[in-house]
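Novice:
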Amino acid sequence: MLYRLFNSTRSSTAQIKPGITAALLGLALTGCSGGGLIAPETPQSNDFLNQLSANCGKLNIGNQPIDYLLNMDSNDTYFIDEASKLSAGTVDKATFASDINAFYPTGRNQAALECIFTQLGTSAP
1012 MLYRLFNSTR SSTAQIKPGI TAALLGLALT GCSGGGLIAP ETPQSNDFLN QLSANCGKLN
1072 IGNQPIDYLL NMDSNDTYFI DEASKLSAGT VDKATFASDI NAFYPTGRNQ AALECIFTQL
1132 GTSAP
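The opening residue of the sequence shown carries number 1012 in the working numbering; numbering runs sequentially from there.
1) Since Tyr1079 is in the alpha helix (DSSP H), which residue starts that stretch and which ends it?
2) Over what stretch of residues does the alpha helix (DSSP H) that includes Thr1129 continue unbroken?
3) If you drop the 5 nearest sequence neighbours on each side, which residues of the same chain put their C-beta closer than 6 Å to that of Ser1085?
4) Report all residues from its chain with a CB closer than 7 Å to the CB of Arg1119; omit the five preceding and five following residues, and keep chain order.
5) Under 9 Å, do Ala1108 and Leu1124 count as touching if we go by C-beta distance?
6) Using CA atoms only, rank isn't needed, just tell me which of Asp1103, Tyr1089, Thr1106 and Ala1065 is closest to Cys1001.
7) What does the Cβ neighbour count give for Lys1096, buried or exposed, with the cut at 16 atoms within 10 Å?
8) Buried or exposed for Gly1100, please, with buried defined as at least 16 other CB atoms from any protein chain shown within 10 angstroms of its CB.
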C-alpha cells in the first residue's frame, strides 16, 4: 500500500512538472514579446535615425554619443528601438525621456533629448 501511495504521488508530481514547465516557458516567451519591445523597422524610422545621426550624433546619451548608440556594432539596441518607437508615435516625448533617463542614468541626457525632440518637427506625438 505504501508503495502504491508513493508511486501515485510520484506520478502525479511527474505529470505536474511538465505542466509547470510549459506554463513558465509560456510566461517567459510572452514577456519577451509583450509590450512591443522591438519597434517595427520602417523607412520613416530609418530616416529618423539617419536624421538623429546627422544632427544629434555628437551629443551624449548616458556615456556614449548618439552616433555610437546608432552603430549596430555597439550591441546596444535599446536606444535604436526607443527612438524608432518615438518616430512612429508609439511612445510620446515624456515616456521616451523617462525610459532613456532610466536606462542611461547619467543626468546628462537633456541636450541630446532636446535635439532628438527637435528632429520630430511638428508631427511630434
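The C-beta atom is built at its ideal place from N, Cα and C for all residues, glycine as well. Everything numeric in this text was worked out from a predicted model, so none of it was measured.
Specialist: On the basis of the data shown:
1) Ile1077 to Leu1081
2) Gln1121 to Leu1131
3) Tyr1079
4) The residues are Asn1071.
5) yes
6) Since the first residue shown for the chain is 1012 and the last is 1136, residue 1001 is missing from the structure and cannot be characterised.
7) buried
8) exposed
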